[in-house]
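K.L.:
Can you read through this structure? Questions will come right after.
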Amino acid sequence: MLKYNDHATMNRWDNENFVHPWEGMEAIGHNERTFVEGGEGVYVVTEKGDRLIDGPGGMWCVQIGYGRDDMADAMADQARQMAYFSPFNNAHSTAARLAREIAARTPGDLNHVFFTTGGSTAVDSALRFIQFRNNLLGHPEKKIVISRHKAYHGSTYLAASVSGKERDRLWLDKAEGLAHFLPDVNPLHRDEGTSMEDFLDQKVQDLEQAILHLGAEKVAAFIAEPILASGGVIVPPPGYHKRCLEICRRHDVLYISDEVVTGFGRLGHWFASEEVFGITPDIITCAKGMTSGYVPMGGCIISDRLIDEVSGAAAQGATFSNGFTYSGHPVSAAAALKNIEIIESEGILDHVREVTPLFQERLHALSELDIVADTRGMGLMGCVECKMGDKTSLENDYQLGTIIDAHCQKNGLILRPIINMCVFSPPLIITKTQINQMFDILQDGVRAAM
Ligand code: PLP
1 MLKYNDHATM NRWDNENFVH PWEGMEAIGH NERTFVEGGE GVYVVTEKGD RLIDGPGGMW
61 CVQIGYGRDD MADAMADQAR QMAYFSPFNN AHSTAARLAR EIAARTPGDL NHVFFTTGGS
121 TAVDSALRFI QFRNNLLGHP EKKIVISRHK AYHGSTYLAA SVSGKERDRL WLDKAEGLAH
181 FLPDVNPLHR DEGTSMEDFL DQKVQDLEQA ILHLGAEKVA AFIAEPILAS GGVIVPPPGY
241 HKRCLEICRR HDVLYISDEV VTGFGRLGHW FASEEVFGIT PDIITCAKGM TSGYVPMGGC
301 IISDRLIDEV SGAAAQGATF SNGFTYSGHP VSAAAALKNI EIIESEGILD HVREVTPLFQ
361 ERLHALSELD IVADTRGMGL MGCVECKMGD KTSLENDYQL GTIIDAHCQK NGLILRPIIN
421 MCVFSPPLII TKTQINQMFD ILQDGVRAAM
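Each residue of the sequence shown is one higher than the one before, starting from 1 at the first, in full-length UniProt numbering.
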């Protein structure tokens, strides 16, 4: 086994051998990276010993914080007892318990959990389940999935095909004819003089008109993140999801709520669909906060109604031929169970609801800075968007997020830069003092970019 761990060697190995996600390949061989080697609570600790508040909570996923012995013990105990056995035609009690605990926390009749390895595979599985259902029920032509501009649903082929960020779609092929995209739902971009109520009407009409235009007999599902996360924390107008669900019901279109980011407490509830947005969708997809990022896991949660509809499949010689070696992996399931136990016993959902007003108040106070075009968020999700083409050259505008992040990192805060935006979703255990520290640093970072 190779043992060198001095910075220069690690950096070389990282550049020469580790292909990072979502990076231009030209970066290979040229990056100077800081290695993050530890974590505690809301902080990550770099190889130099610097402690930084983790603004994005890993990648929207670190709910209970870093470095918890109780999580490590739960995973180690499970690994010692039974690390893995095939989930195909076999059962494991840890996964069965987890499915039950999740079903107890989902809205309505969403009681059947299909475990996956992450968010993309959860979305893929939801789409494949719907294909299976429609084929089985004799509607093979009902296949189109309506998604939205700026949506992100994952990196596997189907999930990427229903993702709507144009820049992401440029260089890879997509499943032809699968997806139809609705226009921007960001209230910031509504025409001058258009009220929020009128904007809501327009956005809901966009969905209904798309269904009528494509033909309801061809539209299988509508997929929506409650809040578009990677698209820049876009909060749709109030009442949007409820009215979209009504339209879906009217036209026999299934509603997939992609709660990969919003699930497991980000908005102060186990799931946001019902508690925050008042809807019971047909399928919820989740991942990320499900294990607080300690190990990979995802889930596609399906309603009793849909499961009943396909319950005659075996008699027709049909199987839902979709599944993963690691579906319901015992170590991941043990981590997810512990995560639920910790969130519950430590009152973390109540805590999120308690600190949210301060978080949102400090976020919106940034809009007073000249360079800021918009601040938006909900729960412990936030985005600060800077003006483009105003103060700096276009090339620099695209770097604004990175410039702000670099400045903040020097002062103890990591952000997630996206073009001219910075997004953040810190660990749910963040205290009021830490929220104030975070926004003090961010405010300085935004000022420095002016
Ligand atoms: N869905 C949403 C809403 C996401 O934000 C993401 C990832 O950021 C995914 C799906 C894909 O999840 P994963 O990266 O675990 O495959």
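Glycine residues also receive a C-beta, built at the ideal position from the N, C-alpha and C atoms.
(1) Alpha carbon to alpha carbon, what distance is there between Ile348 and Ile262?
(2) Is the stretch 352-370 touching the stretch 166-175 in the sense that three or more CB pairs, one from each, lie closer than 8 Å?
(3) Smallest Cα separation from Asn15: which of Trp22, Tyr4, His30, Glu23?
(4) Could you check whether the stretch 236-249 touches the stretch 313-322, counting it as contact only if at least three pairs of C-beta atoms, one from each stretch, sit closer than 8 Å?
(5) Under 7 Å: does the beta carbon of Ser120 sit that close to some heavy atom of the ligand PLP?
(6) At what residues does the beta strand (DSSP E) containing Tyr43 begin and finish?
(7) Distance check for Ile403 and Cys300, CA to CA, integer angstroms please.
(8) Could you tell me if the beta carbon of Glu225 falls within a distance shorter than 7 Å of some heavy atom in the ligand PLP?
(9) For Tyr326, I'd like the list of residues in its chain whose CB is within less than 6 Å of its CB, leaving aside the five on either flank, ordered along the chain.
(10) Assuming Gly293 contacts Ala95 under a Cβ cut-off of 8 Å, what Cβ separation, rounded to an integer in Å, is found between them?
(11) Is there a Cβ of chain E sitting closer than 8 Å to that of Pro87, yes or no?
(12) Taking Phe129 as the reference, give the member of Asp370, Ser195, Leu254, Ser155 with the closest Cα.
(13) Would you kindly check if the distance between the Cβ of Gly289 and the Cβ of Val352 is under 8 Å?
(14) When you compare only the Cα positions, how much space is there between Leu212 and Ile144?
(15) Quick one: does the C-beta of Gly154 sit closer than 7 Å to a heavy atom of the ligand PLP?
(16) My output table needs one value for Thr375: the three-state DSSP class, helix, strand or coil.
(17) Less than 7 Å between the CB of Trp60 and some heavy atom of the ligand PLP, yes or no?
(18) Are there three or more Cβ pairs, one per stretch, closer than 8 Å when the stretch 48-60 is compared with the stretch 216-225?
(19) Given 8 Å as the limit, is there contact between the stretch 106-124 and the stretch 271-281, that is, 3 or more CB pairs closer than that?
(20) Name the two residues that bound the continuous beta strand (DSSP E) containing Phe114.
P.N.:
Working from what's here:
(1) The sequence given here places Thr at residue 262; Ile does not occur at that position. Taking the straight line joining both Cα atoms gives about 14 Å.
(2) By the criterion of at least three beta-carbon pairs nearer than 8 Å, the stretch 166-175 is not in contact with the stretch 352-370.
(3) Per the Cα distances, His30.
(4) In short, these stretches do not touch, since the Cβ pair count stays below three.
(5) Taking 7 Å as the cut-off, the C-beta of Ser120 counts as close to a heavy atom of the ligand PLP.
(6) 43-46 is the span of the beta strand (DSSP E), which, as asked, contains Tyr43.
(7) Roughly 37 Å between the two C-alpha positions.
(8) Yes; taking the cut-off as 7 Å, the Cβ of Glu225 has a heavy atom of the ligand PLP nearer than that.
(9) If the five residues before and after Tyr326 are omitted, its C-beta is found closer than 6 Å to the C-beta atoms of Thr117, all from its own chain and listed in chain order.
(10) Cβ-Cβ separation between Gly293 and Ala95: approximately 19 Å, too far for a contact (criterion under 8 Å).
(11) In summary, chain E is missing from the structure at hand, where a single protein chain is found.
(12) When only C-alpha atoms are compared, the closest one is Leu254.
(13) No.
(14) Taking the straight line joining both Cα atoms gives about 12 Å.
(15) Yes, the Cβ of Gly154 comes within 7 Å of a heavy atom of the ligand PLP.
(16) The answer is strand: DSSP assigns Thr375 an E or B state.
(17) Distances from the CB of Trp60 to the heavy atoms of the ligand PLP include at least one below 7 Å.
(18) When C-beta atoms of the stretch 48-60 are compared with those of the stretch 216-225, fewer than three pairs fall below 8 Å, so the two segments do not count as touching.
(19) Output reads yes: the stretch 271-281 touches the stretch 106-124.
(20) Counting along the chain, the unbroken beta strand (DSSP E) around Phe114 starts and ends at 110-116.
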